[in-house]
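Written out below as structure tokens is the structure these notes cover.
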Amino acid sequence: MKLLQNKTALVTGASRGIGEAIALKFAEHGANVAFTYLSSEERAKALEDKLTALGVKARGYKSDAGDYAASEQLANDVLKDFGTIDICVNNAGISRDNLLLRLTPEQWDEVMQANLKSVYNLTRQVIKPMMKARKGSIINLSSIVGVKGNPGQSSYAASKAGIIGFTKSIAQEIGSRNIRVNAIAPGFIDTDMTHYLKDGGGEKWFEKIPMQRFGKPEEIADVALFLASDMSSYVTGQVISACGGMNT
Ligand code: NAP
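Residue numbers (the numbering used here): 154 to 401.
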């Protein structure tokens, strides 16, 4: 059964990792997919081809999620090209991990802009067409680290905790318009973002994960599919952990 037939989804940061898995999962379920990337031009083109081969309309846009004007332009472009935005996944994100004494103001600002301001930037745009349509699902990628904290990740954790506060507030603001806003809090997922953990002796991370393994991007895409679809029609303002049991 295809869960997203006739819907249009906008996914930020889909050239790699979790965003790419979400874009593919949504297309497999019949959604037309607009997605963004920052610099991975070739990977974005390859994804556009893969999505189109699944029989849906797809287009990649080079757009900096941390830039307000670019996000406004992006939403306008997607509306022009696709006619509607039913689902928005704020997935683009970065980490610049450092112990606080070494964490520079520039690194702090970079993470806040890419991870937290980005969610404000695009959500503010997509709720306009969603309000008109009186429906919509917004999914924000938080992290287990935003729930629990993690040494060496204060900026990342603060940005991801901020996403949770934002998600819960906007869910309350626009619930009456039938627009749902939820967050996913993944644990350690096997992508470019976490490869350094494995390279630097990943075994100690496995000790913290009851399921004893990193998650796969597709396992996060499954949660996003549930939140995007009408299967979650009465779910809003929630943070769904997908972390192999780390958040227990
Ligand atoms: P990733 O493999 O590093 O991929 C990041 C994606 O975001 C890429 O497509 C990148 O585009 C894009 N991106 C980065 N900054 C951007 C910007 N300013 N504007 C537009 N696109 C931008 O990361 P990931 O592991 O898939 O993580 C995806 C999301 O899940 C992030 O929000 C991350 O914080 C969150 N998360 C990840 C994990 C994990 O363990 N991996 C755990 C919890 C939460 P380019 O390819 O063009 O650079």
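C-beta atoms are modelled at their ideal positions from N, C-alpha and C, and glycine is treated no differently.
C-alpha of L252 to C-alpha of Q306: approximately 7 Å in a straight line. For G246, the shortest C-beta to heavy atom distance toward ligand 1 is below 7 Å. Secondary structure at S192: coil, using DSSP grouped into helix, strand and coil.
Taking 7 Å as the cut-off, one finds at least one heavy atom of ligand 1 near enough to the beta carbon of G172. The C-alpha of T257 lies about 31 Å from the C-alpha of Y214.
Under the 8 Å Cβ criterion, the segment 265–275 counts as touching the segment 299–313, having at least three qualifying pairs. Residue ranges of uninterrupted alpha helix (DSSP H) with 4 or more members, entirely inside the segment 239–289 and ordered along the chain, are 258–264, 271–286. G368 is bridged by DSSP to I342. With 16 or more other Cβ atoms from the protein chains shown falling within 10 Å of its own Cβ, H182 counts as buried. The beta-carbon separation of T320 and N293, rounded to 5 Å, stays under the 8 Å limit for a contact. Between G208 and the set K155, I240, G219, L163, the nearest pair of CA atoms involves K155.
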